[in-house]
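K.L.:
Number of protein chains: 2
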Amino acid sequence: MTKTARKSPEEKLLLAARRLFCQAGIHATGITRILEEAGVARQSLYTHYGSKENLLKAVLDTEANMWFQWFDLDLPALKCSPSQRILALFDLIEKWFEKEDFFGCIFVNAVAEHEKDSGWVRDMAGTYRDQIIDRLGALVMESGARNPDVVVQKLGLIIEGAIITAMVTQNSKAAHIARLAAEDVLRCTEWLPSKAETSASVAAMESMEST
Amino acid sequence: MTKTARKSPEEKLLLAARRLFCQAGIHATGITRILEEAGVARQSLYTHYGSKENLLKAVLDTEANMWFQWFDLDLPALKCSPSQRILALFDLIEKWFEKEDFFGCIFVNAVAEHEKDSGWVRDMAGTYRDQIIDRLGALVMESGARNPDVVVQKLGLIIEGAIITAMVTQNSKAAHIARLAAEDVLRCTEWLPSKAETSASVAAMESMEST
DNA sequence: ATGAAATTAGACTGATCGGTCTATTTTTGA
DNA sequence: TCAAAAATAGACCGATCAGTCTAATTTCAT
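In order, the protein sequence lines correspond to chains P and Z.
Be aware that the first sequence starts at 0, since it is given in numbering that gives the first Met the number 0, and climbs by one per residue.
Be aware that the second sequence starts at 0, since it is given in numbering that gives the first Met the number 0, and climbs by one per residue.
(1) Under three-state DSSP, which class holds Ala27(Z)?
(2) In this structure, does DSSP put Ala173(P) in helix, strand or coil?
(3) Using a 10 Å radius around the Cβ and a threshold of 16 neighbouring Cβ atoms, would you call Ser117(P) buried or exposed?
(4) Thinking C-beta only, is Ile132(P) closer than 7 Å to Gly155(P)?
(5) Where does Glu208(Z) fall in DSSP's three states?
(6) Identify the continuous alpha helix (DSSP H) that holds Asn53(P) and give its terminal residues.
(7) For Arg17(P) and Ile163(P), what's the separation of their Cα atoms in angstroms?
(8) If I'm right that Leu59(Z) touches Met123(Z) with Cβ under 8 Å, what's the distance once you round it to whole angstroms?
(9) With respect to the alpha helix (DSSP H) encompassing Thr188(Z), which residues constitute its N-terminal and C-terminal limits?
(10) Which value, in whole angstroms, describes the spacing of the CA atoms of Asp183(Z) and Phe67(Z)?
(11) Pull up the distance between the alpha-carbon of His47(Z) and that of Lys98(Z), whole angstroms please.
(12) Out of Met65(Z), Pro81(Z), Cys79(Z), Lys78(Z), state which residue places its alpha-carbon closest to the alpha-carbon of Lys94(Z).
(13) Could you tell me whether any Cβ in chain Z is nearer than 7 Å to the Cβ of Phe102(P)?
(14) For the alpha helix (DSSP H) containing Tyr48(P), list its first residue and its last residue.
(15) Considering only residues of the same chain and omitting the five flanking positions on each side of Leu135(Z), which have a CB-CB separation below 7 Å?
(16) Between the stretch 76–87 of chain Z and the stretch 75–88 of chain P, are three or more C-beta pairs nearer than 8 Å?
(17) Among all the DSSP beta bridges, which residues are the ones paired with Leu144(P)?
(18) Specify the secondary structure class of Arg128(Z) as computed by DSSP and reduced to three states.
(19) Is there a C-beta anywhere in chain Z that falls below 7 Å from the one on Gly24(P)?
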């Protein structure tokens, strides 16, 4: 096996902050508690991140990168139709919900806790959200939906609903329900004739509901 | 016109707290700011509510009552089929989103900002959520769906997705998208033969998409 | 009109917060 | 091996927080 390289204070802080910010809230989590959780000295936080605010920004970056990896690496690696790739996203989300340290989405937490009219939190969350929706949009375009914009908005709404439902109920089955709802949306979607993919192929999905 | 009865300090505090808790976050909103916004003396908050925590509880109560009024008064007053009542809920939600002081759902804010494993916030939000879902479930049962539980979970997820999407994007059209997604779900739902309502009636809904 | 009750203004407290500073110990690379 | 860099422990600071207290003022029922 590879050498179990000890985690750097930088990484330990990032992991502790991500968990505590989600589990207990951002404002409710004091610097001191993050330091205890990370097992790191007070000064290390400020040499590496400069402020609690910058630490939060770093946490938001890592969460966004999780989504980017799903869309840019994990989903393209699947050998299946675009429609099935869309549905496979919900399986990735389910794995996320199943982690023992899942306590909701840090983006939702951050927006909920901060000023909603303006501010860097809103800007940052909006920017990353747009980038994620763009990737989802590319997937929907690829699938040949006739009204891709509406489909993307429906799916995005279902994904956000799944995240909130999983956070509130602490039950990962929200991802499965979300997948079922997404299948309903796709089943009601009209498709362009050009692509080989037909509405029949979407109807066929029903038989391959996973796990 | 009726006498414009001056608002009591109690009510002014409740309204100011609700807006500020949603607009800027609960922890981020100090007592002093609520008092300024309400135009009320510091002591009045403590004679009427006893603590910031109790004020938050009162705000959560009023938000829950909004939902109860929708389900217990507004929707039953509509002369239409249960399926159409379900869809009409999304119109009520849209009116909610359109209010200029809509900044998300205080329940989501509260859960997001507090400990997610335990605590009174989680308990209170869970209890009220169950009561709201129960009412939605009664509506779905009434409509004669073959698998009402799954339908309720799909619809609940779509509703929560709409709330988050509207909060993040500050756009009330999320309610309309949610309604379209809900129509897809209902269109894919199997119905009991006993009731007069048939899948044909659900298909007919398409032509009456409002606004 | 009047007295009790409600409301107000604002100083004040103890606790906690994010952040700084210093001195000591540990780690690391040549 | 040994000096430089990184990380540690923990005291400390000013600001802000929720909540208390007192005294003056307004409201309102009789």
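Yeah, the Cβ is synthetic: ideal placement off N, Cα and C, and Gly gets one too.
P.N.:
Straight from the coordinates:
(1) Against the second sequence, residue 27(Z) aligns to sequence position 28. Three-state result, Ala27(Z): coil.
(2) On the first sequence, residue 173(P) is found 174 positions in, with the first residue counted as 1. Helix, per DSSP.
(3) In the first sequence, the residue the question calls residue 117(P) occupies position 118. Per the 10 Å Cβ criterion, exposed.
(4) Locating residue 155(P) in the first sequence gives position 156, where the first residue counts as 1. Locating residue 132(P) in the first sequence gives position 133, where the first residue counts as 1. Their beta carbons are under 7 Å apart, which means Gly155(P) touches Ile132(P) by this criterion.
(5) Walking along the second sequence from the start, residue 208(Z) turns up at place 209. Unreliable placement is indicated for Glu208(Z), whose pLDDT of 45 sits below 50; the coordinate value is still reported in the next sentence. It is coil, neither helix nor strand.
(6) For the purposes of this step, residue 53(P) is taken as residue 54 along the first sequence, with counting starting at 1. 51–68 is the span of the alpha helix (DSSP H), which, as asked, contains Asn53(P).
(7) Here the question's residue 17(P) lines up with position 18 in the first sequence. Here the question's residue 163(P) lines up with position 164 in the first sequence. If I take the Cα positions, the gap works out to 17 Å.
(8) Here the question's residue 59(Z) lines up with position 60 in the second sequence. Here the question's residue 123(Z) lines up with position 124 in the second sequence. With a Cβ gap of about 6 Å, Leu59(Z) and Met123(Z) count as contacting.
(9) Residue 188(Z) sits at position 189 when you count from the first residue of the second sequence. Counting along the chain, Thr188(Z) falls outside any alpha helix (DSSP H), and DSSP gives it neither H nor E.
(10) In the second sequence, residue 183(Z) corresponds to position 184, counting from 1. In the second sequence, residue 67(Z) corresponds to position 68, counting from 1. About 25 Å.
(11) As a first step, residue 47(Z) must be located in the second sequence, where it is residue number 48. As a first step, residue 98(Z) must be located in the second sequence, where it is residue number 99. Roughly 27 Å separates the two Cα atoms.
(12) What you label residue 94(Z) is simply residue 95 of the second sequence in a count that begins at 1. Taking Lys94(Z) as reference, the option from Met65(Z), Pro81(Z), Cys79(Z), Lys78(Z) with the minimal CA-CA separation is Met65(Z).
(13) As a position in the first sequence, residue 102(P) is number 103, starting the count at 1. Closer than 7 Å to some Cβ of chain Z, the Cβ of Phe102(P) qualifies, so yes.
(14) Working through the first sequence from its first residue, we reach residue 48(P) at position 49. Per DSSP, Tyr48(P) belongs to no alpha helix (DSSP H) and is neither H nor E.
(15) Sequence index remark: in the second sequence, residue 135(Z) carries index 136 (1-based). For Leu135(Z), where only same-chain residues beyond five positions count, the Cβ hits under 7 Å are Val151, Leu154, Gly155.
(16) They do not touch, by the three-pair rule.
(17) Here residue 144(P) is taken as the residue at index 145 of the first sequence, counted from 1. The sequence given here has Ala at residue 144(P), not Leu. Beta-bridge pairing links Ala144(P) to Trp190(P).
(18) Here residue 128(Z) corresponds to residue number 129 of the second sequence, with the count starting at 1. Note: Arg128(Z) maps to helix in three-state DSSP.
(19) Residue 24(P) sits at position 25 when you count from the first residue of the first sequence. With a threshold of 7 Å between beta carbons, Gly24(P) makes contact with chain Z.
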